[in-house]
Amino acid sequence: MEVRQLRYFVTVAEIGHFGRAAERLHIVQPAVSKQIAGLERELGLTLFDRSRRQIRLTADGEAFLPHARRALRAIDRAAKAAADLAAGTAGLLHVGSSPGLGRRLEDILTEFRGRHPDVTVDLTTTSSVPDKLAAILTGDLDAAFVPAPPHRPGIAVHHLWDEPLLVAVPAPRAATAADLVTLADLPLARSPREANPGAFDLITAACAAAGFTPRPGPILTSVQDLLAGPIAAGHCWALLPAGSIRADSAAVAFVAPTPPIHLPTALALTDPPRRPLATDLLVAARRTNSTVNTDRTLLS
286 MEVRQLRYFV
296 TVAEIGHFGR
306 AAERLHIVQP
316 AVSKQIAGLE
326 RELGLTLFDR
336 SRRQIRLTAD
346 GEAFLPHARR
356 ALRAIDRAAK
366 AAADLAAGTA
376 GLLHVGSSPG
386 LGRRLEDILT
396 EFRGRHPDVT
406 VDLTTTSSVP
416 DKLAAILTGD
426 LDAAFVPAPP
436 HRPGIAVHHL
446 WDEPLLVAVP
456 APRAATAADL
466 VTLADLPLAR
476 SPREANPGAF
486 DLITAACAAA
496 GFTPRPGPIL
506 TSVQDLLAGP
516 IAAGHCWALL
526 PAGSIRADSA
536 AVAFVAPTPP
546 IHLPTALALT
556 DPPRRPLATD
566 LLVAARRTNS
576 TVNTDRTLLS
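Every number in our numbering is 285 more than the matching position in the sequence shown, counting from 1.
See the structure below:
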């Protein structure tokens, strides 16, 4: 059974005339008649009553018609899906995420899925910025959210927002923690520089501006484990993105530093973008960020 046979059958059934159906299909009438006759032979059914001037469906034709229509709709959907995949506007989008994006990431993905409900977003979370940029270049990732990204050939970095950093300290140090120099005696927990050079250097510069060089502390892997463990125990402090903090502990305090410290956050894509869907994710991120900024302005 061929797709064209089903299309010819449905068209003749809807028009009730072989000649006019042929005109709609932009083919000659003998071709329509031949294909439908072949369909009838293959099915072992007589689909049309040709004994009258105005042809009509037989009982078997009436019963077969809804099945033929459903089959054609499915074929059309499959063809569109294939075309979308070929054009890079459907399928699976591989996105690199970062710890600390919090509600912003949820809002961006909600905006994106509202416009692309048939696209599956596969999130991979890692704190290593170089690894994410390398994955974009190899095609393992279509896009990645990166904090303080460095320049890398072949990658375009699109700034989205500046995330405020908060000082996470043992609760007894909260009263003076806004002035970073008061924490000079306490080790600083953070990720190694090779994992995120931009963020590492930003924090180092903030400490230098406050007048000290931070003491090395624990390696930052899990924010919640860090807060519940060494910070709560009074062994270290950290500068954390505000979006990553979802803790309520009497042992840990969160203080905005003076002056404020902001971590630039961007979406990295290949240059030029490899897939239209990655560009659409950037549009969704910018639209969401614009809405967030508008809401904050109205509340202020």
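Backbone N, C-alpha and C fix where the C-beta goes; we use that ideal spot for every residue, glycine too.
A straight-line Cα-Cα distance of about 19 angstroms links Pro503 and Thr467. A Cβ-Cβ distance of about 4 angstroms is found for the pair Gln290 and Leu324, placing them in contact under the 8 angstroms criterion. Excluding residues up to 5 positions away in sequence, Tyr293, Val297, Phe303, Ala306, Ala307, Leu310 lie with their Cβ nearer than 7 angstroms to the Cβ of Val317 in the same chain. Burial check for Pro402: the Cβ neighbour count within 10 Å stays below 16, so the residue is exposed. The way I'd put it, the stretch 526-533 doesn't touch the stretch 416-426; fewer than three beta-carbon pairs between them come closer than 8 angstroms. If the five residues before and after Arg500 are omitted, its C-beta is found closer than 8 angstroms to the C-beta atoms of Ala469, Asp470, Leu471, Pro472, Leu473, all from its own chain and listed in chain order. By the Cβ test, the stretch 562-570 is in contact with the stretch 390-408, since at least three Cβ pairs between them sit closer than 8 angstroms. The distance from the Cβ of Leu386 to that of Leu451 is about 15 angstroms, inconsistent with a contact at the 8 angstroms cut-off.
If you ignore the 5 residues before and after Asp427, its C-beta comes within less than 6 angstroms of the C-beta of Leu378, His379, Arg560, Ala563, all in its own chain and listed in chain order. Judged by their CB atoms, Asp556 and Ile440 are nearer to each other than the 8 angstroms cut-off.
Exposure of Pro545 is indicated by the presence of fewer than 16 other C-beta atoms within 10 angstroms of its C-beta. Under the three-pair Cβ rule at 8 angstroms, the stretch 483-493 counts as touching the stretch 428-438.
The alpha-carbon separation between Leu350 and Arg388 amounts to approximately 50 angstroms.
Between Val508 and Ser476, the gap from beta carbon to beta carbon reaches 8 angstroms or more. Counting only unbroken stretches of 3 or more residues, the beta strand (DSSP E) elements lying wholly within the stretch 348-415 are 377-382, 405-410, in sequence order.
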